[in-house]
Structures are given as structure tokens and as C-alpha cells.
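Those protein sequence lines, which keep their order, are chains A and B.
Heads up: the first sequence is residues 293 to 496, going by my numbering.
Heads up: the second sequence is residues 293 to 496, going by my numbering.
2 protein chains.
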Amino acid sequence: MTDNETTMRKVPQRKRGQERVKKILDTTAELIAAHGYENVTTNQIASEANASIGSLYQFFPNKDAILMALSERYLEELRAIMGEQFNAGEAIDFFDQLDRLIDIFHDFYMDNPGFKPMFYGSYGLESLTQSGEEFYTDIVGQFDILFARRLNLPDEKRLLVTMVMVSIVKTQVTMIDEADESLRPGLLRELKAVIRAYIKSLMD
Amino acid sequence: MTDNETTMRKVPQRKRGQERVKKILDTTAELIAAHGYENVTTNQIASEANASIGSLYQFFPNKDAILMALSERYLEELRAIMGEQFNAGEAIDFFDQLDRLIDIFHDFYMDNPGFKPMFYGSYGLESLTQSGEEFYTDIVGQFDILFARRLNLPDEKRLLVTMVMVSIVKTQVTMIDEADESLRPGLLRELKAVIRAYIKSLMD
DNA sequence: GGTTTTTATGAGTGATTGCTCACATTCTAT
DNA sequence: ATAGAATGTGAGCAATCACTCATAAAAACC
Chain A
293 MTDNETTMRK VPQRKRGQER VKKILDTTAE LIAAHGYENV TTNQIASEAN
343 ASIGSLYQFF PNKDAILMAL SERYLEELRA IMGEQFNAGE AIDFFDQLDR
393 LIDIFHDFYM DNPGFKPMFY GSYGLESLTQ SGEEFYTDIV GQFDILFARR
443 LNLPDEKRLL VTMVMVSIVK TQVTMIDEAD ESLRPGLLRE LKAVIRAYIK
493 SLMD
Chain B
293 MTDNETTMRK VPQRKRGQER VKKILDTTAE LIAAHGYENV TTNQIASEAN
343 ASIGSLYQFF PNKDAILMAL SERYLEELRA IMGEQFNAGE AIDFFDQLDR
393 LIDIFHDFYM DNPGFKPMFY GSYGLESLTQ SGEEFYTDIV GQFDILFARR
443 LNLPDEKRLL VTMVMVSIVK TQVTMIDEAD ESLRPGLLRE LKAVIRAYIK
493 SLMD
């Protein structure tokens with residue numbers, strides 16, 4: 293649900309309200325991508341979304357709630373498309389599957405500029421950090437299941453491996469996005485090579 | 293030089309002034325580590341450093357300048373201790389050398405809590421980003437020289453390898469620092485294993 | 001048409017915060 | 001001792017910004 297009841301002051305009933313909320317979230321994503329969360333004002337969001345601040349605050353209790361709603365929208369979408377690839381089963385080659393997952397994450401990252409500042413650069417936002425961590429734990433869990441099937445490692449070690457791998461992919465995709473455009477394909481290829489070499493070294 | 297003339301309104305002449313500046317930087321590091329840059333006020337810094345705001349602004353033209361001065365202090369120190377290890381020459385085993393460099397960076401990170409928020413989570417601070425990038429470029433350059441001696445790769449590819457490696461170490465050390473204390477030794481070990489596997493895969 | 005619910009409006013408020021400035025104190029040198 | 005330079009002080013200014021509230025329009029229902 294995009295309309296999380298705990299983060300919303302009022303759940304929009306009519307279509308007009310729902311469109312308002314959607315427009316506000318879209319606008320917030322754009323503005324955050326361009327200027328960073330701390331540098332975007334609620335008045336700016338409202339104005340850019342063709343709403344009055346009063347209207348904005350009818351639905352959102354405070355500024356942070358807007359970010360949280362946006363975060364949840366992103367996370368659900370990403371969880372859905374990654375879930376498909378996780379359930380690809382044993383038909384596909386293991387390493388190809390890893391490559392595909394990296395590609396999916398990378399594509400999502402590039403397609404949603406507002407997504408980036410959601411996990412990095414937002415100190416002191418308890419609830420947001422929490423929702424990001426939930427997602428992270430979820431992904432680690434998915435990979436752990438995958439690795440349990442494909443790698444022969446003691447549980448404890450496997451968890452470390454998974455954490456490091458997920459963390460590397462997450463941070464490197466960010467780094468690739470920030471790098472010069474001409475370098476991106478090469479960097480993405482090397483990222484895949486790193487993961488491949490690492491996982492292979494665990495199979496000997 | 294800690295007393296960078298471009299970021300300082302006035303370079304402290306007397307010992308008292310120099311101690312003031314040092315105390316302000318130390319205090320800023322502590323406060324930033326605890327609450328994040330955006331959440332720390334200049335009045336708070338002054339008060340915590342047993343100085344008046346007026347005194348603070350006698351030396352620093354604005355809040356950002358404090359952060360920049362602090363950043364430079366960190367970067368010089370880190371550059372110095374890493375430089376030693378880079379110049380260890382061919383006497384030491386290549387992989388051991390990489391491990392040592394990772395350890396050095398990790399130790400520095402753990403010993404200087406104010407260092408972390410300096411590179412992550414500070415959107416919209418042009419000059420700071422720039423000084424961090426300079427440092428990054430410098431380190432990549434150092435590694436590139438090292439790799440040129442040890443690996444047989446075309447220049448273009450070697451640069452990509454170096455960038456990815458430095459970036460991974462940088463981000464993973466951050467991640468390790470944020471992880472639960474009991475996991476840290478394991479995560480650090482895996483980080484080294486990743487780098488080792490990756491570099492080894494390039495030597496075949 | 002009348003009533004109620006939902007949504008819209010934006011000037012204004014209160015709190016925060018980076019920073020100034022007029023003036024005071026301390027140190028150094030002659 | 002005295003001048004001059006360096007450093008110290010903190011009340012208060014100006015600007016910003018998240019958020020409120022009294023009121024109005026729009027839509028839904030009878």
C-alpha cells in the first residue's frame with residue numbers, strides 16, 4: 293500500500309485527493325534528486341506540485357512523513373521486480389542469475405533518481421533508516437536462501453558472505469551512478485566480476 | 293596545514309588562538325559524530341568548546357568552513373599513514389600489502405568517529421565534496437601505481453579495477469563500522485577475501 | 001435544495017539558527 | 001607604562017522554515 297495509515301494524517305478518499313498525494317510524492321522525488329532532502333522545503337514541494345501547503349499538510353503530518361511514504365513506494369516496487377528473479381528457480385545458471393539481479397538493481401537505480409538519497413545522506417531520521425533496514429534485511433534473507441541452495445558453507449559464514457555481497461552491490465551501484473557516464477558500463481562489468489570471483493573462491 | 297588560509301577568516305597568531313581553533317575542530321568532530329552535521333549548531337559547537345560564538349566566527353567565516361578545515365585535517369593525517377604503506381616496496385607480499393592497507397583505513401575510521409559523516413550524508417556542500425574527491429583521486433592514483441607494478445593489465449582496464457577496488461574498501465569499511473560489533477571481525481575478513489579473490493582472478 | 005464530508009487556500013506564527021557588531025579583555029613589544 | 005594588535009563576548013538581528021488555522025470551495029449523498 294502506498295497509503296500507509298501510520299504515516300498519513302488522512303487517507304485520501306476521493307480521486308482528487310489520491311492524485312494530490314501521488315503528485316506530491318512524484319514532485320518530492322524530483323526535488324530530492326535535484327537538491328537533496330534537507331535543502332527542499334515543504335512550501336517548495338507544495339508549490340511545485342500545484343498544491344497549497346495547507347493541502348499538503350491535510351494528508352501528511354510532517355515533512356518526514358512525505359519521505360517515508362515515498363520510500364515505501366520505492367521499496368515495494370523494487371521488492372516486486374527482484375522477487376521475480378529470485379524465484380527463477382534452478383533452471384538458470386547461478387552466476388547469470390547474480391548478474392541479472394545486479395542489472396535489475398542498477399536499472400531501478402538509474403530509472404528512479406529520487407531513490408538514491410533515500411538511503412544515503414539522511415542522518416537522524418529514525419523511521420526512514422528503519423524502513424530501509426527492513427528492506428535490506430529482506431534482501432539479505434532472499435540471497436541467503438539462494439546461497440544455501442548453491443553454496444556449501446556453514447550458516448554463520450554464509451550470512452557474512454551474503455551481507456558483504458549485498459552491501460557491495462548496493463554501494464557500488466550508487467557509486468556507478470555518480471561516476472562519469474562513459475565509465476559506467478566498465479564499472480558495472482567489474483562489479484559483476486568482483487562478485488563472480490568472490491563467490492567462485494567460496495566454492496573451491 | 294591545518295590552518296588553510298582560504299577557509300579561515302583569520303589565521304590564529306598567538307598560542308591561545310591556535311588552541312581555540314584546535315578545540316573547536318575537536319569539538320566539531322565529536323558533535324558531528326554524535327548528531328550529524330546538519331543537526332549541530334554553531335552556538336552548540338562554541339559552547340561545547342568553551343568559546344563564544346563571536347570567538348568562533350573570528351576564525352571561521354561560516355559553519356561550512358569549520359567542516360572543511362576538519363576534513364583537511366583528517367585527510368592529511370590519513371594520507372600520511374597510508375603513504376608509508378604504499379612505499380613499503382616490493383619486499384612485502386602483494387596480498388599482505390593490500391590487507392595492511394585495508395586494516396589501516398579501517399583502524400583510522402574506527403579511531404575517528406567524526407570522519408565518517410565527512411564523506412557521506414552531506415549533500416550540497418560543493419567545496420567539501422571537492423576536497424573528498426581530491427583525496428579519492430589521490431588514493432586511486434597510488435593504487436594505480438601499485439597495480440601497474442604487480443598486475444599485467446591494459447591501462448584502461450587497470451583504472452577501472454582500481455576505482456572499483458578503492459570504492460569497495462571505502463564503502464565496506466563504513467558498513468562494517470555501522471554493523472553490530474560482534475560481526476565486525478568477520479565482515480572485515482570477508483572484505484579482504486573479496487579483494488583477494490578479485491585481484492587473483494585478474495592474474496590468470 | 002440542503003446537509004455533510006472531503007479537499008483547498010495561504011497569510012501568519014513560533015521556533016530555530018547562522019552570523020554580526022559594538023565593545024571588552026588579554027597579550028606583545030617598545 | 002602605553003600603544004597597538006590579537007582575541008573574547010553575547011545580546012540580538014535577519015532570514016528561513018515547518019506547520020497551523022480560520023475559512024472557503026467542491027463533491028457526494030439525501
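Built from N, CA and C at the ideal position, the CB exists for glycine as well.
Use the C-beta contact count for B:Thr-429: other C-beta atoms within 10 angstroms, 16 or more gives buried, fewer gives exposed. Here residue 429 of chain B refers to the residue found at position 137 when the second sequence is read from its first residue. Label assigned to B:Thr-429: exposed.
For B:Met-457, which residues of its own chain have a beta-carbon under 8 Å away from its beta-carbon, when the five flanking residues on both sides are left out? The sequence position of residue 457 of chain B within the second sequence is 165, counting from 1. If we look at B:Met-457 and ignore the five residues flanking it on each side, its Cβ neighbours are Phe-435, Ile-487, Tyr-490, Ile-491.
Between the alpha carbons of A:Tyr-329 and B:Ala-338, how many angstroms are there, rounded? Position 37 of the first sequence, counted from the first residue, corresponds to residue 329 of chain A. Position 46 of the second sequence, counted from the first residue, corresponds to residue 338 of chain B. Roughly 27 Å separates the two Cα atoms.
Is it buried or exposed for B:Arg-312, if we count other Cβ within 10 angstroms and need 16 for buried? The residue labelled residue 312 of chain B in the question sits at position 20 within the second sequence. That one is buried.
Nearest candidate by alpha-carbon position, reference A:Tyr-349, set A:Met-374, A:Pro-304, A:Glu-322: Position 57 of the first sequence, counted from the first residue, corresponds to residue 349 of chain A. Selected option, being the one with the closest Cα: A:Pro-304.
DSSP three-state call for A:Gly-419: helix, strand or coil? If you number the first sequence from 1, residue 419 of chain A lands on position 127. A small fix is needed here, since residue 419 of chain A is Ser in this sequence, not Gly. DSSP places A:Ser-419 in helix when its eight states are reduced to three.
Exposed or buried, which one is B:Ile-431 when buried takes at least 16 other CB atoms within 10 Å? For the purposes of this step, residue 431 of chain B is identified with residue 139 of the second sequence, where counting begins at 1. So B:Ile-431 ends up on the buried side.
My output table needs one value for B:Val-313: the three-state DSSP class, helix, strand or coil. Position 21 of the second sequence holds residue 313 of chain B. Of the three classes helix, strand and coil, the one that applies to B:Val-313 here is helix, per DSSP.
Is A:Val-432 helix, strand or coil by DSSP? Counting from 1 along the first sequence, the entry for residue 432 of chain A is found at position 140. Three-state DSSP puts A:Val-432 in a helix.
B:Tyr-401 versus A:Arg-306: straight-line alpha-carbon distance, rounded: The count along the second sequence starts at 1 and reaches residue 401 of chain B at position 109. The count along the first sequence starts at 1 and reaches residue 306 of chain A at position 14. Distance between the alpha carbons of B:Tyr-401 and A:Arg-306 is about 52 Å.
Coil, strand or helix - A:Arg-306 by DSSP: Start at 1 with the first residue of the first sequence, and residue 306 of chain A comes out as number 14. Three-state DSSP puts A:Arg-306 in coil, outside helix and strand.
Contact defined as beta carbons within less than 8 Å: I believe A:Met-498 pairs with A:Leu-420. What is the distance between those atoms, to the nearest angstrom? Chain A is shown only over 293 to 496; residue 498 of chain A falls outside these bounds and no answer can be derived.
Indicate whether at least one CB of chain A lies closer than 9 Å to the CB of B:Tyr-490. On the second sequence, position 198 is the one that residue 490 of chain B refers to. Yes - at least one Cβ of chain A is within 9 Å of the one on B:Tyr-490.
Cβ-based burial, A:Ser-459 [other Cβ within 10 Å; buried from 16]: Counted from its first residue, the first sequence places residue 459 of chain A at position 167. A:Ser-459 is buried by the Cβ-count criterion.
What's the gap between the Cα of B:Asn-342 and the Cα of A:Val-332? Stepping through the second sequence from its first residue, residue 342 of chain B is reached at position 50. Stepping through the first sequence from its first residue, residue 332 of chain A is reached at position 40. Distance between the alpha carbons of B:Asn-342 and A:Val-332: 33 Å.
Leaving aside the five residues before and after A:Leu-323 along the sequence, list all residues of the same chain whose C-beta is less than 7 Å from its C-beta, in chain order. Mapped onto the first sequence, residue 323 of chain A falls at position 31. Closer than 7 Å at the Cβ level, and outside the excluded window around A:Leu-323, lie Val-332, Gln-336, Ile-337, Glu-340.
Residues, ordered as in the chain, of the stretch 305–336 of chain A that lie near chain B by beta-carbon distance below 8 Å: Residues passing the 8 Å Cβ filter: His-327, Gly-328, Tyr-329, Glu-330, Asn-331.
Within 10 angstroms of the Cβ of B:Ser-423, are there 16 or more other Cβ atoms? Answer buried if so, exposed if not. As a first step, residue 423 of chain B is located in the second sequence; it is residue number 131 there, counting from the start. With 16 or more other Cβ atoms within 10 Å, it is buried.
Give the straight-line distance between the Cα atoms of B:Asp-295 and A:Leu-445, rounded to the nearest whole angstrom. Numbered from its first residue, the second sequence carries residue 295 of chain B at position 3. Numbered from its first residue, the first sequence carries residue 445 of chain A at position 153. Reliability of the predicted coordinates at B:Asp-295 is poor, the pLDDT of 40 falling under 50, and the value obtained from them is presented with this limitation in mind. Cα to Cα, B:Asp-295 sits roughly 52 Å from A:Leu-445.
For A:Gln-507, decide whether its Cβ has a neighbour in chain B, counting only Cβ atoms nearer than 9 Å. Given that chain A is displayed from residue 293 to residue 496, the structure contains no residue 507 of chain A and the question cannot be resolved.
Once the 5 residues before and after A:Ser-484 are set aside, which same chain residues still bring their CB inside 8 Å of it? Stepping through the first sequence from its first residue, residue 484 of chain A is reached at position 192. This sequence places Lys at residue 484 of chain A; Ser is not what is there. Excluding sequence neighbours, A:Lys-484 sits near Leu-390, Asp-391, Ile-394.
Beta-carbon neighbours of A:Gly-478, restricted to chain B and to distances below 7 Å: Your numbering for residue 478 of chain A matches position 186 in the first sequence. Result: Leu-452.
Closest by CA to B:Ala-383, which one among B:Arg-308, B:Arg-481, B:Arg-441? Translated into positions along the second sequence, residue 383 of chain B becomes position 91. Among B:Arg-308, B:Arg-481, B:Arg-441, the Cα nearest to that of B:Ala-383 is on B:Arg-441.
Reducing DSSP to helix, strand and coil, say where B:Gly-346 ends up. Position 54 of the second sequence, counted from the start, is the residue given in the question as residue 346 of chain B. Looking at B:Gly-346 - three-state DSSP - the assignment turns out to be helix.
Would A:Ala-321 pass as a contact of A:Phe-407 if the rule is Cβ separation under 9 Å? The count along the first sequence starts at 1 and reaches residue 321 of chain A at position 29. The count along the first sequence starts at 1 and reaches residue 407 of chain A at position 115. Contact check for A:Ala-321 against A:Phe-407 passes: the beta carbons are separated by less than 9 Å.
I'd like the ranges of any alpha helix (DSSP H) spanning at least 4 consecutive residues and lying wholly in the stretch 435–476 of chain A. List check, alpha helix (DSSP H) in window: 447–470.
Chain B contact for A:Val-432 (CB, 9 Å cutoff): Working through the first sequence from its first residue, we reach residue 432 of chain A at position 140. Chain B contact via Cβ: absent.
Counting only C-beta atoms, is A:Arg-481 closer than 9 Å to chain B at any point? Against the first sequence, residue 481 of chain A aligns to sequence position 189. Output row for A:Arg-481: interface = yes.
Distance cutoff 9 Å, beta carbons only. Does B:Gln-464 sit that close to anything in chain A? Residue numbering aside, residue 464 of chain B sits at position 172 when the second sequence is read from its first letter. Output row for B:Gln-464: interface = yes.
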